[in-house]
Structures are given as C-alpha cells and as structure tokens.
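K.L.:
There's a structure below that I have some questions on.
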Amino acid sequence: MEIRYATNPTDVKRYDTERIRKEFLVENLFKSNELNLVYSHYDRLITGGAVPVKETLKLEAGDLLKTEYFLERREVGIINIAEGVGIVTVDGEKYELNKRDCVYVGLGHESVAFSSKDSSNPARLYIVSATAHKQYPTQKIAIEEATPNHMGSDSQSNKRTIYQYIHAGGIQSCQLMMGMTLLAPNNMWNTMPPHLHDRRMEAYLYFDMDEDSRVIHFMGRPDETRHIVMRNEQVVFSPPWSIHSGVGTDNYTFIWAMAGENYTFTDMDSVSMDELK
C-alpha cells in the first residue's frame, strides 16, 4: 500500500509539474491480477484498483493499518468500471457488479474478495475506503437505481448527469460519499465554476477515455491554480483547500468520492469566476 502525505497550500505554490503529479496524481492502480491501494493522509481515504483475471484478490489490512482485517475500523465502496462482470464476495455472500454498478460494504466484515465472472473479460473494480465508527448494511446499487441529477447545458459544454450512490439519501454510510458523473457527448467541462469544501477531501477517477484523450484537471487555491494532465483510469486527490474541476479533449466519465467532517453533499463554498487566477 502506497502512502501519500498531506500538503500545505503555501508550499504547493512552489511545486513544479513533477512534484504536483507526485503528490496528487495516482497513475497505475489497475493492473491485471493485482490489487493496488494508495493511503492518503487527507481524511485517511484509501483508493484502490483490482483487476482479477484468473485469480481471486483479497482486500487485506497489511502492515499499514495495524488491524486484524481491512474493515475492522473502515467502510468501503466498490464500483465496476469495465464491461466484464465483477464479483465482490463479502463474508461468503456474493454481489455481481455490471459496469457502473456499486456495492457498499460496512464496518466489521472480515473477508472481502474480488473476482471476475469471465476471465476473458475481466472486471476493473475501483475501491474507495474511509474510516468508520458504526456498521451500516452491505448494499448493492445498480446505476439505474442511483439518484440522477441532470446539470449543465450544451451551450456551456458541461451537460452531465450526476449519479449519487453512497450518500444521505441513498446507501447509508458513516462518512464515505461516492457517485459518478457522466458527461453527454460533445461536452467537456465538469464543476465549473468550481467550489471548495474545507470540511472534506475528494478524489476523482477519470475513465471511459480513449488512449489519446486527456483531461486537464485544475486544482489549487482559487487565486493560485495549477493543473494536472491526466489519462484514462487515473486518480487525483483533491485537498480540502483546493478547487477541483476538469476539461477533456473528449467527453468522459468520472467517479467522485468524499470523506471528512461533513456528511452533507451540498455543503460547498462556491468560487466565482472573478476569483480564479
């Protein structure tokens, strides 16, 4: 499990491109027959990718968490981003995930494992975990059952649908919130004008992108912005003090996940276009 430490916005002003990418970008989560995890000191969020081909991959605490099992003091959300069907087995009970389906697994489950229904068409499972203090029921939700919010317009190149999976009005959790945003064809912008939520951090996974497509992800304080050029299936950590917005060379999909002090999806501080520099 890789560790990423928290940063100070005053220090980030001095970072060059390489340092910004090293601190905030996660490039290679999804590898065949591997489960890769990154532990962020921003609200103790863990992100991961599992690509079970011929093997079953187990979610384990390892040496870092200092617990008997991964979910001893944690909860986790899992979304399949591939066409191949994924199987998440929780203490012996199996949940099948088609593309864009989600399963939430609560505190206290000792065994979580990942496999693919067809090894010739493997699943690609995105994993996000936050600390937890109470057990909520394990629950699967298909994208068709998720709460859709239609936002933006073609004229502003940001027509998109936001699907909420794990949140106060959907699957209950302690602090993890998780969902997915799909941009309509010929639309490229997300979350612009941007916002801040100083009470929680956020992570974005950009996917459903062609090999030559890119997303330019904007971050930093509103008056001291920076950017990260991102490829398909890469993750970016957004600190509580940072904006988080992006524009692509084509339309794309991204999974957002949040954790921290507040459990209110609409708790955000808007940033006007005049403030951006």
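The numbering of the sequence shown is the numbering used here, which starts it at 3 and goes up by one. C-beta atoms are modelled at their ideal positions from N, C-alpha and C, and glycine is treated no differently. This structure is a prediction, so every number in the text was calculated from the model and none was measured.
#1: So Asn192 and Ser247 are supposed to be a Cβ contact under 8 angstroms. How far apart are they, rounded?
#2: Could you name the residues of the same chain whose beta carbon sits closer than 6 angstroms to that of Met3, not counting the 5 residues immediately before and after it, in chain order?
#3: Between Phe209 and chain D, is there a C-beta pair that is closer than 8 angstroms?
#4: Relative to the alpha-carbon of Asn30, which residue among Tyr128, Met182, Ser175 has its alpha-carbon at the smallest distance?
#5: Going by alpha carbons, who is nearest to Ile83 out of Asp276, Tyr265, Asn189, Gln236?
#6: Just grab the DSSP bridge partners of Lys60 for me.
#7: Please say whether Ala132 and Asp45 have beta carbons closer to each other than 8 angstroms?
#8: Just tell me which of Gly86, Leu109, Phe116 has its CA closest to the CA of Arg102.
#9: Using the C-alpha atoms, what's the distance from Val107 back to Pro139?
#10: Determine, using beta carbons only, whether Ala292 and Val90 come nearer to each other than 8 angstroms.
#11: Using a threshold of 8 angstroms, state whether the C-beta atoms of Tyr280 and Met153 are closer than that.
#12: Is it the case that the Cβ atoms of Tyr97 and Lys142 are separated by a distance below 8 angstroms?
#13: So, are the CB atoms of Pro1 and Met203 less than 8 angstroms apart?
#14: Report all residues from its chain with a CB closer than 6 angstroms to the CB of Lys60; omit the five preceding and five following residues, and keep chain order.
#15: Could you give the first and the last residue of the continuous beta strand (DSSP E) run that contains Arg228?
#16: Excluding the 5 residues preceding and the 5 following Gly25 in the sequence, name in chain order all residues of the same chain whose CB lies nearer than 6 angstroms to its CB.
#17: Arg76 and His43: beta carbons closer than 8 angstroms?
#18: Checking the sheet assignment: what are the DSSP bridge partners for Cys104?
#19: How would you write the range of the beta strand (DSSP E) that Val217 sits in, first residue to last?
P.N.:
Looking at the coordinates:
#1: 6 angstroms
#2: Leu39, Tyr41, Gly64, Leu66
#3: No chain D is part of this structure, which consists of one protein chain only.
#4: Tyr128
#5: Gln236
#6: Ala115
#7: yes
#8: Ranking the options by Cα distance to Arg102, first place goes to Gly86.
#9: Roughly 7 angstroms separates the two Cα atoms.
#10: One cannot answer for residue 292 here, as it falls past the ends of the chain, which runs 3 to 279.
#11: Missing from the structure shown is residue 280; the chain here goes from 3 to 279 and no further.
#12: yes
#13: Outside the modelled stretch of the chain, which goes from 3 to 279, sits residue 1, for which no answer is possible.
#14: Excluding sequence neighbours, Lys60 sits near Ala115.
#15: 226 to 232 is the extent of the beta strand (DSSP E) around Arg228.
#16: In the sequence as displayed, the identity of residue 25 is Glu instead of Gly. Contacts found: Thr9.
#17: no
#18: Ile81, Ile143
#19: Val217: member of the beta strand (DSSP E) spanning 217 to 223, first to last residue.
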